[in-house]
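Note sheet for the following structure.
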Amino acid sequence: MSHRRRRPAPHSLPRHVRAAAAVATFLAAIALTPAGAGAATDPSVCTVTWDGGAGSTSWGEAANWSTNRLPESTDTVCIGPTAKVESWGFGTVGALHVDGSLKVSFGSLRITGDAGASAVDGSLEVTGSGGLTIDRALTVQHMVQSGGAVTGAGRLVTGDFTWTGGIQGGQGTTEVTSGGAGLSLDGDNHAAGGSRTLRIDPGAQAVWTAGNLDLRDSSRLDNAGLLDIQGNQDFTGDGGDATVINEAGGTIRRSAGDGEVVLTYALANDGELEVKTGTFTVQASTPPGDDSDGVFRVAKDARLRFVYANTFSPVSKITGDGEVVFAGGVQQVYGAVDAPLVVDGAQVNLNADVTVPRIELDKGALGGPATTTTPDLRWESGSLVGTGKTEIAIGGAGLNVDSPQGHGLFDRALVIDPGAEAHWLEGTIVMLGSALLDNHGILDIRGDVATQGCCDSRTSIHNESDGILRKSAGGGSAVIGHSLQNDGILEAESGTLALQAVQNAQSGTLTGGVWIVRATLELGAEVRRNAATLVLDGPRSKLQRPDGTDATGLLDANTADGSLVVTDGRELDVPAGRSDFENAGDLLIGPDSTLRAGGAFRQTGGTTTLETPTSRLVAAGGTVDVQAGTLAGPGVVEGSLHNAGTVSPGPAFPLPEPARAMKVTGDYTQAPGGTLDVTISSQDPDTGHVRLDVGGNAMFAGTLKLETLDGFAPAPGDEFELIRHASSIDEFDTVDGLAPDPAHSYPPPEYGDHATVLRRGPDPQISIADTAVTEGDHGDREARLQVTVTPAPKRPVQLTWNTTDGSATSPSDYESASGTLTLHHGETSAVLSVPVHGDQAHEPDETFHVDLSGVSGASVAAGRGTVTIANDDPAPQPTGSGDPTPSPDPGPGPTPAPGPGSTGPAAGGPPARKPDPRRPKPRPARRCVDRLAPLSRLSRPRAPRAATRRRLTLRGRAHDQGCATLKRVGVAVARRVKRHGQKRCRWLGKRGRFGRPARCDRPRWLGVRGAARWELTLRRPLPVGSYVARSRAVDHAGNRELRVRRHGRGGPNEVRFRVR
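Using the numbering used here, read the sequence shown as starting at 27 and increasing by one per residue.
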């Protein structure tokens, strides 16, 4: 039988033996500690060492300690690497060194640090109801807290902290350092109280996967590393002064979980707060004096919410694709913002210029002194405030105002950039103070909305030159109650757009911008003059005053700055009554549309365009008088047309034949300064050229301008019907464009009975007849030679004439003369007059000639006319003395028979005796000297037959007051006009045209038929208006009748009348 020696139990050994064994064991453990496992405790510092002598893990059994007593407050306690110690009681030590593991599960363990530094190179766990108090510093390799409390004013430092529950309190700090596993928050709730600081060092990380974090009292979470939130847990609190400081370089990240994480403490973010998923809500204010300097980054589909007041410093930045929601408090943002913003109950002051990708203003206010630019602003309600500017840029959905709730614009400018759009669907905008709505883009009103605000003249709406303000939907009224200045385009397309304080309609003149009216545009004033661009589009278009009456009822002028468009079935009657309408700007009358002037229509400049054949211009009480500018297009002029400017029928582009003619229902009169502009692009009568159709008579003067388009080259046989008329008078003074290129030309106009055509026809023949005139005893008589054209010409015939001596010589027998003569179309004859001098000398009949030269428009059949001056002086009578005076040579004529008392023989007898030269010559008969002017009298034309638009007949009488006889009577006819406020007369010339306005004391005299009883008949179109006629008689003594005035008006040789 073998005997084994029994090994004594450790607790049965003597104390000094057990102490030596504990030291030996501790040293052996140090020797066996692997490299890198941490520095082991120096045994020399240990006053109490764990030896497990009691055979248990209990801290509270004295036998487990080398001194067989429990450690005290002055002890340095050492626990070896293999020991597992659990504290169940209450104790205080001066220092603690643990290389194994220590669990505090009940009671409390206090480490004062009075005995030196403490370290746990193994693990330290606080669980259950255990408490660990650290007064100085404790370094732990692996820290676990699943319950209990860690308190004290000291510092707990660890690189590996698993926190699944329990509380950390006191005034100390729990510091998670880099190089370890970091902080893991899992399990149930975690709490910190007192003034405890939970710090995550740079390079360290904390992963929070479960359980709320409850910061109480004035505790603090100080992150300089990474706090990664993976879940939907919250930062909860009891309403104390707890704070979360995210230091520069630190990151708080929400990386997992689709719910909401709520941070109920004050947050100062100087690092980066990143929300990658779900919602992160900051439900507290920024700590006083600790503004956020860091970055707030929100990923797409994530949200970052701020509920209470926060301050973001100038170096801060809010960025990302997710939404940043300000749900309450006053938010002072001095930094950059590059993330979508939602203002839902907060007042957000953006104090630096920022560009925000999207803004939703649901409730609250958005403002600040700077400029906030966004391409997408959804304005549900709330206010835009502050002295800055909110600018809607291009590139997004623009501005949308879509809520029945109120919207406020207070002391702020809301600017819509060029190319950007704003859509106002619902709700009221209240504007106060210096609020400004400044539109450079499109402001589209799509509902029956209004702007409101009271009593502040600073509040205004400005539609800039590049802006469009439009009401496109809503059958009711949209009311703009504030001062509005339109320099861009304003469109009333639906319902009523009511402008209660428009600045463009001052003193009755509409100025600035473009006004397009397709529905109803209500102005707070009437429009008497248009200096803007005004478009009345369609039969429903209406410009009205607040009382519903027509705001254009007194419109009487479109100024040089104005553009008036009447189109798509609109009929505009201007002005009310029978007053005239004046256009000096641009006027366009579109399809199926009419502009009807109550009186006459005067064009003093600009352009009036009749866009289509159904465009009508009506002068209900007068004529269409183009004094300057251009009347163009293929429309209809109802009434007579007077042209002293430019008339351009038809469009400048190919259209079917009905669209290429301007129709004038009355007469057409073209003044000497007028131009008829005709375009020709081909010989095709339907599409090749424009035409003027005149329902009445056409009176031509001025210029016919031919414009050849598209390189067209006319052929010699081409014909172009340019004007249709009932009859025509006179011709154009000038025809421009007959030769479009050196190789091609048009024939001159041919004036027919019913049309004026460019056509090459045969020339008529012209001849001048001979005539005879009795010379008379004194004064001048006229030799009248008739020039005849056969057949009647259809274009003007022009020639030059001059006198040539024959047996009669100038200036003794006649007055040499020359000149030009024009026979207008339809005129077959004219008379040339040459003065013949009378004398009392007996002489034979003599002759001189009138020659024609330079004839155009006709061929010459007889180019020389001979004038015979018949002598009417008797041969001298014999004196009856012995020495008769010799008679003048009678010339080749027959010898006169001897008169009574003649001493000479009969014919063929001896010559008579010469009269005695000593006898006195017989005294000639005494001549009459006439210095009295003749008198004439005019009879007033008797309407309607004597003075009408197509005929004028004037009659009168004349007689001489002296001893001479009447030579002729002249009559002058003038149309009375006003020019620059002064009375002027347009005198009728010999060619049937009225001249330019001139003084009324410079008449142009026309010849009449008869003398003592005379008559003048003009079968020419006369424009409607007031006229004056004067007569003047001339006797053979050269005396001319003077104008007689009685009581400021004309005498018997003047009469005034009207043509209606």
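Glycine residues also receive a C-beta, built at the ideal position from the N, C-alpha and C atoms.
Model, not experiment: these values are computed from the prediction.
In its own chain, which residues sit with a C-beta less than 8 Å from the C-beta of GLY192, not counting the 5 before and 5 after it?
-> Cβ within range, chain order: VAL152, THR153, GLN171, SER172, GLY173, GLY174, ALA175, VAL176, HIS216, ALA217.
Would you report the Cα separation of PRO698 and HIS850, rounded to the nearest angstrom?
-> If you draw a straight line from the Cα of PRO698 to the Cα of HIS850, it is about 15 Å long.
Would you identify the three-state DSSP class for PRO675, choosing helix, strand or coil?
-> Annotated three-state conformation of PRO675 is strand, per DSSP.
Kindly identify the DSSP beta-bridge partner or partners of VAL815.
-> Answer by DSSP bridge pairing, in chain order: ILE792.
Return helix, strand or coil for THR921, following the three-state DSSP convention.
-> Reliability of the predicted coordinates at THR921 is poor, the pLDDT of 38 falling under 50, and the value obtained from them is presented with this limitation in mind. Of the three classes helix, strand and coil, the one that applies to THR921 here is coil, per DSSP.
Drop a sphere of 10 angstroms on the beta-carbon of GLN1008, count the other beta-carbons inside from all chains shown, and report buried for 16 or more, exposed for fewer.
-> Burial is judged here by how many other beta carbons sit within 10 angstroms of a residue's own beta carbon; GLN1008 has fewer than 16 and is exposed.
Tell me whether the beta-carbon of ASN723 lies closer than 8 Å to the beta-carbon of GLY700.
-> Inclusion of ASN723 and GLY700 in the CB contact set at 8 Å is not warranted, their separation being larger than that value.
Cβ contact (3+ pairs, closer than 8 Å) linking the region 361-369 and the region 409-424 = Counting Cβ pairs under 8 Å, fewer than three are found: no touch.
With a 10 Å radius around its C-beta and 16 neighbouring C-beta atoms as the bar for buried, classify ALA798 as buried or exposed.
-> Flag for ALA798 reads exposed.
Alpha carbon to alpha carbon, what distance is there between ASN90 and GLY78?
-> Going by the C-alpha atoms only, they are around 4 Å apart.
Once you ignore the five residues that flank ARG1066 on each side, which residues in its own chain have a CB closer than 7 Å to its CB?
-> Hits under 7 Å: ALA959, ARG1058, VAL1060.
Using the Cα positions of THR638 and SER674, report the straight-line distance between them to the nearest angstrom.
-> Each residue's Cα considered, the two are about 13 Å apart.
Skipping 5 residues on each side, what residues in its chain have a beta carbon closer than 6 Å to that of VAL166?
-> Sequence-distant Cβ neighbours of VAL166 in its own chain, meaning closer than 6 Å and more than five residues away, are VAL146, LEU150, THR184.
Residues of its chain near GLY919, where Cβ-Cβ distance is below 7 Å and the 5 sequence neighbours each way are ignored = Model confidence at GLY919 stands at a pLDDT of 40, short of 50, so the residue's coordinates are unreliable and nothing is read from them.
Looking only at its own chain, which residues have a Cβ that is under 6 Å from the Cβ of ASP243, when we skip the five neighbours before and after it?
-> Cβ contact annotation for ASP243 (same chain, cutoff 6 Å, sequence separation greater than five): GLY219, GLY220, GLY266, in chain order.
ASP214: buried (16+ other C-beta within 10 angstroms of its C-beta) or exposed?
-> By the 10 Å Cβ count, ASP214 comes out exposed.
Looking only at C-alpha atoms, which of GLN570, ALA818, GLY864 sits nearest to ALA834?
-> For the options GLN570, ALA818, GLY864, the alpha carbon positioned closest to that of ALA834 is the one of GLY864.
From which residue to which residue does the beta strand (DSSP E) around THR267 run?
-> For the sequence presented, residue 267 should be read as Asp rather than Thr. Counting along the chain, ASP267 falls outside any beta strand (DSSP E), and DSSP gives it neither H nor E.
Nearest neighbour of ALA292, chosen from ILE255, THR337, ASP254, VAL321 [CA to CA] | Considering only alpha carbons, the answer is THR337.
To which residues does DSSP link ARG622 through a beta bridge?
-> Looking at the DSSP assignment, ARG622 forms a beta bridge with ASP599, VAL644.
Examine the Cβ distances between the region 652-667 and the region 628-635 and report whether three or more of them are shorter than 8 Å.
-> Touching, yes.
How should GLU406 be labelled, buried or exposed, when 16 other C-beta atoms within 10 angstroms of its C-beta is the threshold for buried?
-> Classification of GLU406: buried, given that the 10 Å Cβ count is 16 or more.
According to DSSP, residues forming a beta bridge with GLU298 | DSSP lists THR277, VAL321 as partners of GLU298.
Same chain, Cβ closer than 8 Å to LEU239, five either side skipped, listed in chain order = Excluding sequence neighbours, LEU239 sits near LEU211, ASN215, HIS216, ALA217, ALA218, LEU247, GLN259, ASP260, PHE261, THR262.
Quick one: what's LEU293 bridged to in DSSP?
-> LEU293 pairs with VAL270.
Where PRO788 falls, given that 16 or more other Cβ within 10 Å makes a residue buried | Exposed, since its Cβ has fewer than 16 Cβ neighbours within 10 Å.
N-terminal and C-terminal residue of the beta strand (DSSP E) that LYS1009 is part of = Per DSSP, LYS1009 belongs to the beta strand (DSSP E) from 1008-1013.
Just how far apart, CA to CA, sit ASP582 and GLN570?
-> Between the alpha carbons of ASP582 and GLN570 lies a distance of about 16 Å.
Just to confirm, are PRO822 and GLY883 a CB contact at a threshold of 8 Å?
-> Result yes, Cβ atoms of PRO822 and GLY883 sit closer than 8 Å.
Is VAL71 helix, strand or coil when you go by DSSP?
-> DSSP, reduced to helix, strand and coil, places VAL71 within a helical segment of the structure shown.
Take the Cβ of ALA274 as the centre, count every other Cβ of all protein chains shown within 10 Å, and call the residue buried at 16 or more, exposed below.
-> Classification for ALA274: exposed.
Under a Cβ-count criterion, where at least 16 other Cβ atoms within 10 Å of its own Cβ denotes burial, should PRO768 be classed as buried or exposed?
-> The residue is exposed, with fewer than 16 neighbouring Cβ atoms inside 10 Å.
Who are the Cβ neighbours of GLY479 in its own chain at under 8 Å, not counting the five residues just before and after it?
-> Here the set comprises VAL456, MET457, LEU458, ALA461, THR485, GLY507, HIS508.
Per DSSP, what kind of secondary structure is ASN828 in: helix, strand or coil?
-> It is a strand residue.
Check whether LEU811 and LEU847 have beta carbons under 8 Å apart = No, Cβ-Cβ distance for LEU811 and LEU847 is not below 8 Å.
Using the Cα positions of GLY692 and HIS804, report the straight-line distance between them to the nearest angstrom.
-> So the alpha carbons of these two residues sit roughly 52 Å apart.
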